[in-house]
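J.: Structure provided below as structure tokens; questions to follow.
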Amino acid sequence: MQIDYFTIIAQIINFLVLVFLLRHFLYRPVIAAMDEREQKMVSRLKDAEQKIKEAEQETETLRQMKQELRDKRQEMLAKATEEVLVLKTDLAEKGRSEVEASIVNWYSSIERQKESILTDLKLRTGKEVYAISRRVLQDLADEKLEAQIIETFIRRLREKGETGIEEINMFFKTPGPISVRSTFEIPDETRQVILETMRNLAGKDLEINFETSPELISGVEMSTSDTRIGWNIASYLDTLKADLSSALLQRPSGNLLPSEEKKNG
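Per the numbering used here, residue -19 is the first one in the sequence shown, and the count goes up by one each step.
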């Protein structure tokens, strides 16, 4: 059999040209796109780690501030008690009304100073904790978290139908449309699952509107004109903020003003 070297060489050249074209126009852009995507993922992970470190540092700072406040409050109370005893001894010979008036005025002055310090710290602490928590949770949200949030909402809704049947019945008896709010856009197929779950619990057709609400941070809730049921991080943060403010402004037991002691007595 005669070998056609010209044809073989031409096929080899065509193959090499094909390899060159594939490498230049197909493989290289694909590899470049993969490298760019990998760099973006690494960058996002580094940003998330940095934000977590910042949040931990801010939390430690707030903890130290609270400890300093406790120490200062104890010091103020001890000093106040000592000064009151001295004041009572010095004024023992004076009229009772004059003594009580002086003590009440002094206590009022100390109370105003304490309230001023607590109010300032409450505002600073509450704002910092609230802002840091929102920022970190918003930055770390992704599609996997959104899917888990939806699954949790549906699961808890079904559990509510078993353990909180009275609350569910009252909710669905409220007239008017029902709004389902979430931080992110819920896919159509997932909306259908939510619709079927709610209709099964209500035992009737429902008018349901889906809305997005970024202030929830991460979560889903359903609401009517006067009732709301849901689970989201924003509500936990609001509760944390309220509890923190209440704890900071709470007056220690046993530190009533003289006028208050007299009333209680």
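Even for Gly, the Cβ is constructed at its ideal location relative to N, Cα and C.
Values in this document were obtained by computation on a predicted structure and should not be read as measured data.
1) List the DSSP bridge partners of Thr69.
2) Pick out whichever of Phe164, Thr(-13) and Leu137 has its Cα sitting closest to the Cα of Tyr127.
3) Is the distance from the Cβ of Ile209 to the Cβ of Thr170 below 8 Å?
4) For Gln(-9), is the classification buried or exposed, using 16 other Cβ atoms within 10 angstroms of its Cβ as the cut-off for buried?
5) State the start and end residues of the unbroken beta strand (DSSP E) segment that holds Phe190.
6) Indicate whether the contact test is met: 3 or more Cβ pairs, each with one atom in the region 188 to 195 and one in the region 150 to 169, closer than 8 Å.
7) Secondary structure at Ile130, three-state DSSP: helix, strand or coil?
8) Could you tell me the alpha carbon to alpha carbon distance between Ile83 and Pro155, rounded to whole angstroms?
9) Buried or exposed, going by whether 16 or more other CB atoms sit within 10 Å of the CB of Met202?
10) Any idea what DSSP makes of Ile32, helix, strand or coil?
11) Three or more C-beta pairs under 8 Å: does that hold for the region 11 to 26 against the region 55 to 62?
12) Nearest to Phe152 by CA position, among Asn180, Asp51, Glu38 and Ile90, is which residue?
13) I'd like to check one pair, Leu175 with Ile188: are the Cβ atoms closer than 8 Å?
14) Using DSSP's beta-bridge definition, name the partner residues of Ile(-7).
15) Alpha carbon to alpha carbon, what distance is there between Glu95 and Ser88?
16) Can you tell me the Cβ-Cβ gap for Ile134 and Gly141, rounded? I've got them flagged as a contact below 8 Å.
17) Whole-angstrom Cβ separation of Arg138 and Thr177, contact assumed at under 8 Å?
18) Can you give the Cα-Cα distance for Glu16 and Val10, rounded to whole angstroms?
19) Grouping DSSP H, G and I as helix and E and B as strand, with all else coil, what is Ser205?
20) With 16 as the cutoff for other CB atoms within 10 Å, does Val200 come out buried or exposed?
21) Sort out for me which residues DSSP pairs Gly210 with in a bridge.
22) With a threshold of 16 other CB atoms inside 10 Å of the CB of Ile166, please say whether the residue is buried or exposed.
T.: To lay it out plainly:
1) Paired residues: none, contrary to the question.
2) Residue identity check: residue 127 is Ala in the sequence provided, not Tyr. It is Phe164 whose Cα lies nearest to the Cα of Ala127.
3) It is not a contact, given that the beta carbons lie outside the stated cut-off.
4) Gln(-9) counts as exposed, since fewer than 16 other C-beta atoms from the protein chains shown sit within 10 angstroms of its C-beta.
5) Annotation for Phe190: the continuous beta strand (DSSP E) segment containing it runs Ile188 to Thr192.
6) Yes: at least three Cβ pairs fall under 8 Å.
7) Per DSSP, reduced to three states, the secondary structure at Ile130 is helical.
8) Taking the straight line joining both Cα atoms gives about 59 Å.
9) With 16 or more other Cβ atoms within 10 Å, it is buried.
10) DSSP places Ile32 in helix when its eight states are reduced to three.
11) No: the two stretches stay apart, fewer than three of their Cβ pairs being nearer than 8 Å.
12) Among Asn180, Asp51, Glu38 and Ile90, the Cα nearest to that of Phe152 belongs to Asn180.
13) Yes, these two residues count as a Cβ contact at 8 Å.
14) Secondary-structure assignment with DSSP links Ile(-7) through no beta bridge to anything.
15) Between Ser88 and Glu95, the C-alpha separation is close to 10 Å.
16) Incorrect: roughly 11 Å between the Cβ atoms, too far for contact.
17) About 6 Å separates the two Cβ atoms, so the contact holds.
18) Their Cα atoms are separated by approximately 10 Å.
19) Residue state, collapsed to three classes: coil.
20) Buried, by the Cβ-count rule.
21) Paired residues: Glu201.
22) Ile166 is classed as buried because its beta carbon has at least 16 other beta carbons within 10 Å across all chains shown.
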